[in-house]
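In full-length UniProt numbering, the protein residues as written are 1 to 447.
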């Protein structure tokens, strides 16, 4: 009991009233009670209220404080001066005014900064000292200085969070769980990045232990990205866009949302696996959206929104339940491996699929559904006579007309006459080992 009483007696609350003759923290009359707090006030609470001397100075070196609170009557304060070492009480803004802290910050304990009723802006160098930092509340928190040595950085609440410095944010892990808008303008050097909510923009992410985007999160990666040895996992229902390069690590889609690889220059250097959701390949500027193998599994859809999105020396694998949408583009693969019933959608006139080198490998009895095929001769081209795998082909157009097995002549496989059978809306190919094959859809000449 004596120990507890002594501990409680040591903690004090100093409330700023600005009653002194200057704006210095060391001036006793600026505080209520009229006693100047000590520089080593690690258990004490500093409260700012009212509108007097809104710009004030934590002068003469550093200050150790337990917490920093702006109460509901506080105007828009601007704090400056020496370094603030803040304890477990963290920082809270209960005022509707924006509070600006220009001091350098050091964390003495795990803590939360809460923008409850108004915004908080921190402009100084931020040393988390290997402590956890949580940014919470319904209002905006902006950090313009470099942030280093964070154990775990947690973004919660519904307010916006902005790290506007082009310098780095360094943390063991970053968890983005707030429902607001988050912006990271500088390089992030982290172990793990987890984003599960909100809408986030990342300029540069170097994550040695993986990037995970889940829940309802929307994210835009505008610069270089590395997922390290664990790669990048997308299980979100939102929209994810990579417009910068993916320098290392695999890319795996498990969610119901849409992931887009866009911009110029090559993108993913690791293997890409689409287990579910939609992957849009819209790379421009001559680079490849995927510079490795592409595998599409059940429930996964890949949409080609530009030409030559996969290098001609790579393999594309379609497993049961997958969809490949050509969308009026030209694509060239080394090999197309089809292991289960899947869909190839020509999309519109002009689509062309070239398969070279390793050719097309199709498991026995597999049904490939060809969507938006115009049923004209010359839609299927083989550089050499592939024999039974192609002539044992059954075509169906988008109107449900079924065509008999084709014949090969001069490179073209021509479908037979329509047969009076119910529409199967599919292309059935038996066997494997087709060498060089081009599947293309040409726009029919207008009558």
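Beta carbons are placed, not taken as given, at the ideal position from N, Cα and C, and that holds for glycine.
Secondary structure at residue 271, three-state DSSP: helix, strand or coil?
coil
Could you tell me which of 237, 134 and 131 sits nearest to residue 218, measuring between CA atoms?
237
Do residue 170 and residue 156 have their C-beta atoms closer together than 8 Å?
no
To which residues does DSSP link residue 131 through a beta bridge?
150
Residue 191 and residue 165: beta carbons closer than 8 Å?
no
Relative to the alpha-carbon of residue 15, which residue among 59, 61, 39 and 74 has its alpha-carbon at the smallest distance?
74
Going by C-alpha distance, which of 62, 93, 85 and 79 is nearest residue 69?
93
Buried or exposed (CB count within 10 angstroms, at least 16 for buried), residue 31
buried
Buried or exposed for residue 448, please, with buried defined as at least 16 other CB atoms from any protein chain shown within 10 angstroms of its CB.
Any answer about residue 448 is impossible in this case: the structure gives the chain only from 1 up to 447.
Can you check which of these residues, 343, 251, 260 and 167, is closest to residue 228 by C-alpha distance?
251
With a cut-off of 8 Å on the beta carbons, I'd call residue 322 and residue 298 a contact; round off their distance for me.
7 Å
If you drop the 5 nearest sequence neighbours on each side, which residues of the same chain put their C-beta closer than 7 Å to that of residue 40?
64
Comparing the CB of residue 170 with every heavy atom of the ligand NAD, is any distance shorter than 7 Å?
No copy of the ligand NAD occurs in the structure displayed, which carries no ligand at all.
With a CB to CB cut of under 8 Å and the five nearest residues on each side skipped, what residues in its chain are close to residue 363?
338, 339, 340 and 432
Tell me the DSSP secondary structure of residue 20 in three-state form.
coil
As a quick exercise: from 295, 221, 262 and 206, pick the residue whose alpha carbon is nearest that of residue 277.
295
Excluding the five sequence neighbours on either side, which residues of its own chain have a C-beta within less than 6 Å of the C-beta of residue 199, listed in chain order?
181 and 218
Following the continuous beta strand (DSSP E) through residue 325, name the residue where it begins and the one where it ends.
323–325
I need the boundaries of the beta strand (DSSP E) containing residue 113, first residue and last residue.
111–115
Report buried or exposed for residue 162, applying the criterion of at least 16 other Cβ atoms within 10 angstroms of its Cβ.
buried
Do you know offhand how far residue 449's Cα is from residue 120's?
This structure leaves residue 449 out entirely; the chain is present only between 1 and 447.
Out of 368, 286 and 292, which one is the CA nearest neighbour of residue 246?
292
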